[in-house]
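Each remark here refers to the structure printed beneath this line.
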Amino acid sequence: MTNKPAVKAIGVRSVKFGRNVTIVKPSNIYGCRIGDDSFVGPFVEIQKGVVIGKACRIQSHSFICELVRIGDRVAVAHGVMFINDPYRTGGPAKGDRTLWEETVIGDDVSIGSNATILPVRVCAGTVIGAGAVVTRDILEPGIYAGNPARLLRRLRRKPGR
Amino acid sequence: MTNKPAVKAIGVRSVKFGRNVTIVKPSNIYGCRIGDDSFVGPFVEIQKGVVIGKACRIQSHSFICELVRIGDRVAVAHGVMFINDPYRTGGPAKGDRTLWEETVIGDDVSIGSNATILPVRVCAGTVIGAGAVVTRDILEPGIYAGNPARLLRRLRRKPGR
Amino acid sequence: MTNKPAVKAIGVRSVKFGRNVTIVKPSNIYGCRIGDDSFVGPFVEIQKGVVIGKACRIQSHSFICELVRIGDRVAVAHGVMFINDPYRTGGPAKGDRTLWEETVIGDDVSIGSNATILPVRVCAGTVIGAGAVVTRDILEPGIYAGNPARLLRRLRRKPGR
Numbered sequence: 001m002t003n004k005p006a007v008k009a010i011g012v013r014s015v016k017f018g019r020n021v022t023i024v025k026p027s028n029i030y031g032c033r034i035g036d037d038s039f040v041g042p043f044v045e046i047q048k049g050v051v052i053g054k055a056c057r058i059q060s061h062s063f064i065c066e067l068v069r070i071g072d073r074v075a076v077a078h079g080v081m082f083i084n085d086p087y088r089t090g091g092p093a094k095g096d097r098t099l100w101e102e103t104v105i106g107d108d109v110s111i112g113s114n115a116t117i118l119p120v121r122v123c124a125g126t127v128i129g130a131g132a133v134v135t136r137d138i139l140e141p142g143i144y145a146g147n148p149a150r151l152l153r154r155l156r157r158k159p160g161r
Numbered sequence: 001m002t003n004k005p006a007v008k009a010i011g012v013r014s015v016k017f018g019r020n021v022t023i024v025k026p027s028n029i030y031g032c033r034i035g036d037d038s039f040v041g042p043f044v045e046i047q048k049g050v051v052i053g054k055a056c057r058i059q060s061h062s063f064i065c066e067l068v069r070i071g072d073r074v075a076v077a078h079g080v081m082f083i084n085d086p087y088r089t090g091g092p093a094k095g096d097r098t099l100w101e102e103t104v105i106g107d108d109v110s111i112g113s114n115a116t117i118l119p120v121r122v123c124a125g126t127v128i129g130a131g132a133v134v135t136r137d138i139l140e141p142g143i144y145a146g147n148p149a150r151l152l153r154r155l156r157r158k159p160g161r
Numbered sequence: 001m002t003n004k005p006a007v008k009a010i011g012v013r014s015v016k017f018g019r020n021v022t023i024v025k026p027s028n029i030y031g032c033r034i035g036d037d038s039f040v041g042p043f044v045e046i047q048k049g050v051v052i053g054k055a056c057r058i059q060s061h062s063f064i065c066e067l068v069r070i071g072d073r074v075a076v077a078h079g080v081m082f083i084n085d086p087y088r089t090g091g092p093a094k095g096d097r098t099l100w101e102e103t104v105i106g107d108d109v110s111i112g113s114n115a116t117i118l119p120v121r122v123c124a125g126t127v128i129g130a131g132a133v134v135t136r137d138i139l140e141p142g143i144y145a146g147n148p149a150r151l152l153r154r155l156r157r158k159p160g161r
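Residue numbers (this note's numbering), protein chains in the order written: chain A, 1 to 161; chain B, 1 to 161; chain C, 1 to 161.
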């Protein structure tokens, strides 16, 4: 009375790699771009359409979903989860991609272990503490931590101010 | 002077699958039931005795332990950890299963990424935010978030009220 | 125009095992010591130089980094992330190991699922709740929870007091 499931093996597939990229197995990485000199640790999933810049470190156990763009020299620590479905209607989008939203992470951002990133913009130079849950755009460079994440300390003015 | 460890390879073993189930490797799934049209992402462990309903999505990096029952159309996002040992005595049960407790997740529940679910009952239609730590039963459908999780907004009255 | 990445397969390598250790695949475990009767679940990474005592349980999806020492009879639940770079300069150490700091976990400590452990000392007998973010040394045995973790309840005086 039991059925056979469809079992998918993905691994690394259809990725545009820059030069000198390192990947540690096992990881499922598909349909994305990863820039020069970047590193991806084990037990990571990176979904299609994701763009990761140069000299980034995506550490073990992290998940980077569709609609996420990451700048250069970004550190994504261990167990970081990105989200593209903010449950805007009070529940999951159930395949209606018009309800998904994008995330943009600026250059030189650091994201601590076990952080959770809702669909937001995070400006360059920001530091997100370990375990933080980022629910809103971060427009002022600083150190943010907590659930939900709040500004702990400004780091410096944005360029141009 | 070093010893050889016992190394266990599990994969998918002794699972009762409904029709049209999809699983992404690598995952360790054993001794459980998974209903029709459900999906299980990569880097997932589902332990023996677990029951998962129809049309569920169990996303990557999640862990579903013994004594968890999940209804139909439930979304378990990425990095969600279920718990069956609530440390009732002030520490782990150390194999004394009489100290373990069960978790029951109702139909149409959505659990956000990196959420942690202690042994509780969660009523149908509930939404649990990303990064929430659920330490108590949820009997009123609503949106719950934070550490510990608290009611942010009621969604609707329970049927029958 | 796409390049070939360096793909590393690690598995279990150069580990000093005590007697009667069990490991569940897939896991990346290298250059560390694991004491008698300890267990390591799947989807775990344990880095070089880590020392784990006797009769420990390191559960699935956990990450134990360099500079972590763990005593005997320690329970590390699922999705627990250890950290050795506290971003002391306001960002990642970028390979400058003089900025890394060590973590020491005493005997009989229990760490709940999805907890995050910054570089700290945790005294013997402590219980860290699920989802806690431990940012400071814990010198008094008790139950600690929250983000950041705070003392919920003392458990008993330290031996010798």
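For glycine and all other residues, C-beta sits at the position ideal for the given N, C-alpha and C.
Keep in mind the model is a prediction, meaning the values are calculated, not measured.
Item	Value
Per-residue burial, A/G95 [other beta carbons within 10 Å of its own, 16 or more giving buried]	exposed
Proximal chain F residues relative to A/V50, where beta-carbon distance stays under 9 Å	The chain labelled as chain F is not found among the protein chains of the depicted structure, namely A, B and C.
Distance, B/V80 Cα to B/V109 Cα	13 Å
Own chain, CB closer than 6 Å to B/V12, minus 5 neighbours either side, in chain order	I29
Terminal residues of the beta strand (DSSP E) in which B/G142 lies	G142 to A145
Best match in C/V21, C/C123, C/T116 and C/L155 for proximity to C/A149 [C-alpha to C-alpha]	C/T116
Chain A contact for B/I34 (CB, 9 Å cutoff)	yes
DSSP three-state assignment for C/T103, whether helix, strand or coil	strand
Under the three-state DSSP convention, the category C/T116 falls into	strand
Distance between A/V104 and A/P119 (C-alpha atoms, nearest Å)	8 Å
Residue-level contact to chain C via CB, B/I83, 9 Å cutoff	yes
Whole-angstrom distance between B/T135 and B/I128, CA atom to CA atom	12 Å
Sequence-distant residues of the same chain with beta carbon closer than 6 Å to C/L151, five excluded per side	G142 and Y144
Three-way DSSP call (helix, strand, coil) for A/T2 in this model	coil
Pair within 9 Å by beta-carbon distance, B/G35 and B/C56	yes
Residue burial classification, B/G98 (beta-carbon count within 10 angstroms, cutoff 16)	Residue identity check: residue 98 of chain B is Thr in the sequence provided, not Gly. Classification of B/T98: exposed, given that the 10 Å Cβ count is below 16.
Per DSSP, the bridge partner or partners of A/F63	A/E45 and A/M81
Residue(s) in a DSSP beta bridge with B/I128	B/I111 and B/Y144
DSSP-derived helix/strand/coil call for B/R33	strand
Residue-chain proximity (A/L139, chain B), Cβ-Cβ < 9 Å	no
Sequence-distant residues of the same chain with beta carbon closer than 7 Å to B/P159, five excluded per side	For B/P159, the predicted structure reports a pLDDT of 48, less than 50, and the residue's modelled location is therefore unreliable. A value from the coordinates is still provided. Taken in chain order, the list of residues that qualify is empty.
Coarse secondary structure for C/N20, derived from DSSP in three states	coil
For A/G131 and A/N114, the rounded distance between their alpha carbons	5 Å
CB contact below 9 Å: A/E45 versus chain B	yes
Chain-ordered neighbours of C/R19 on chain B, where CB pairs are closer than 7 Å	N3
Residue span of the beta strand (DSSP E) that contains A/L151, given as start and end	R150 to R154
Nearest-angstrom Cα separation, counted from C/R73 out to C/F63	18 Å
Neighbour list for C/K54 in chain B, Cβ cutoff strictly below 9 Å	Within chain B, no residue comes near C/K54; the closest Cβ sits about 13 Å away, beyond 9 Å.
Host beta strand (DSSP E) of B/R69 (start-end)	V68 to I70
DSSP beta-bridge partners of B/S14	DSSP, once it has assigned bridges, lists no residue as partnering B/S14.
Within-9 Å CB hit, B/K8 to chain A	no
Contacts of C/S62 in chain B (Cβ-Cβ under 8 Å)	Near C/S62 there are no residues of chain B at all, since even the closest Cβ is about 10 Å away, more than 8 Å.
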